[in-house]
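Enquirer:
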Amino acid sequence: MDKVVDSAARAVADIPQGATLAVGGFGLCGIPSTLIAALAEAGTSGLHVVSNNCGVDDWGLGLLLRAGRIARITSSYVGENKEFARQYLTGELEVELTPQGTLAERLRAGGAGIPAFFTPAGIGTLVEEGGLPWRYAPGGTSRPEAGGGSVALGSPAKEVREFGGRRYLMEESISTDFALIRAEVADRHGNLVFHSAARNFNPLCAMAGRVTLVEAERIVQPGEIPPDAVHLPGVYVDRVIAADPADKRIERRTVRPAAAAPEN
17 MDKVVDSAAR AVADIPQGAT LAVGGFGLCG IPSTLIAALA EAGTSGLHVV SNNCGVDDWG
77 LGLLLRAGRI ARITSSYVGE NKEFARQYLT GELEVELTPQ GTLAERLRAG GAGIPAFFTP
137 AGIGTLVEEG GLPWRYAPGG TSRPEAGGGS VALGSPAKEV REFGGRRYLM EESISTDFAL
197 IRAEVADRHG NLVFHSAARN FNPLCAMAGR VTLVEAERIV QPGEIPPDAV HLPGVYVDRV
257 IAADPADKRI ERRTVRPAAA APEN
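Going from the sequence shown to the working numbering is simple: count from 1 and add 16.
Here it is as structure tokens:
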């Protein structure tokens, strides 16, 4: 089955208001920026997003956030986005912070049909006890250093069981209406290859989405990807588009100091 769609706009056209989305990427590495831009252009709002982070202020999921399109996000790291902090602390955005490895496993379990699992991550913290602020009451401070206002909605306490003399938390899996991911290579049947660290959360999000949209830097014919080179089989993929090759940014550029000129 040929899964290639001729435009990002057509690929995201049936994503409804209030949809749940699993979005791949880590920082700005491997993010589906072409699909995100198309979704921003479509004006879809009330979105519930699951992603490791929320981009930066002017790129990636930050575009949707700045436009007020995201109502809730489940993430593990949000430190590079000032608008995210502002919306969270003023009660405009609901935020579920989850340990990074737990988030990855929740997505994987959702794709595998596993409803819940037990993990030691978070034992003895507010992750176990509940009370992490998911949403602040409207009118809280917009200054991150001052903290938020009163908590309107806190995280619930989690079930704890003991296995082999050690305590574990129960975490529920995650599945979403749609998934947006980016790959280096896709064939027309949806088999995917990711480039190095850009694989990150992308396969997990693809598994968790009931309908998975992929943007690929290169689209090839079926059979051109050797079977042993496939990172994610096409059974998890529903639509493929060509990614905009210019849609790549470096989140934080780090360079070595310039070498001192040799003395004569």
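We put the beta carbon where it would ideally sit given N, CA and C, even for glycine.
These numbers come from a predicted model, not from an experiment.
Compute the beta-carbon to beta-carbon distance between P115 and A137, rounded to the nearest angstrom, for a pair I have assumed lies under 8 Å.
Expert: Sure, about 5 Å apart at Cβ, within 8 Å.
Enquirer: Measure the C-alpha to C-alpha separation of R268 and A53 and round it to an integer number of angstroms.
Expert: 21 Å
Enquirer: Given this structure, state the Cα-to-Cα distance separating G250 from V20, to the nearest angstrom.
Expert: 12 Å
Enquirer: By the three-class DSSP mapping on this structure, what secondary structure does L148 have?
Expert: coil
Enquirer: Among A24, A202, P149 and I86, whose alpha-carbon lies nearest the alpha-carbon of Q237?
Expert: Scanning A24, A202, P149 and I86 for the CA closest to the CA of Q237 turns up A202.
Enquirer: Based on Cα-Cα distance, which residue from E144, T106 and L113 lies nearest to S166?
Expert: T106
Enquirer: Exposed or buried, what is I130 when buried is set at 16 or more other beta-carbons lying within 10 Å of its beta-carbon?
Expert: exposed
Enquirer: From the DSSP secondary-structure annotation, give me the bridge partner or partners of L229.
Expert: L196 and R255
Enquirer: Would you check if the segment 203-210 and the segment 167-175 touch, i.e. whether three or more CB-CB distances between them fall below 8 Å?
Expert: The segment 167-175, when compared against the segment 203-210, does not touch it at the 8 Å Cβ threshold.
Enquirer: Return helix, strand or coil for D203, following the three-state DSSP convention.
Expert: strand
Enquirer: Starting from S91, trace the alpha helix (DSSP H) both ways and give me its first and last residue.
Expert: Element bounds for S91: not the alpha helix (DSSP H) but the beta strand (DSSP E), I86 to S91.
Enquirer: Near V246, which residues of its chain fall below 6 Å by C-beta distance, leaving aside the five closest residues on each side in sequence?
Expert: N207
Enquirer: Measure the alpha-carbon distance for F133 versus G126 and round it to whole angstroms.
Expert: 10 Å
Enquirer: Can you list, in chain order, the residues of its chain with a C-beta nearer than 7 Å to that of I31? Leave out the 5 residues immediately preceding and following it.
Expert: L55, T60 and F194
Enquirer: Taking the continuous beta strand (DSSP E) assigned at A38, which residues delimit it?
Expert: T36 to V39
Enquirer: Based on the DSSP output, what are the partners of H64 in its beta bridges?
Expert: Partner(s): T36 and R88.
Enquirer: When DSSP labels each residue in this structure, what does R265 get in the three-state scheme?
Expert: coil
Enquirer: Taking a contact to mean a Cβ-Cβ separation below 8 Å, would you say E240 touches I257 in this structure?
Expert: no
Enquirer: Mind checking which residues open and close the beta strand (DSSP E) that includes E112?
Expert: Its beta strand (DSSP E) spans residues E110 to L113.
Enquirer: Cα-Cα, which of C70, E187, R88 and R198 is closest to V111?
Expert: R88
Enquirer: Between E200 and R177, how many whole angstroms is the CB-CB distance? I'm expecting something under 8 Å.
Expert: Incorrect: roughly 41 Å between the Cβ atoms, too far for contact.
Enquirer: From the DSSP output, read off the bridge partner residues of E178.
Expert: R183
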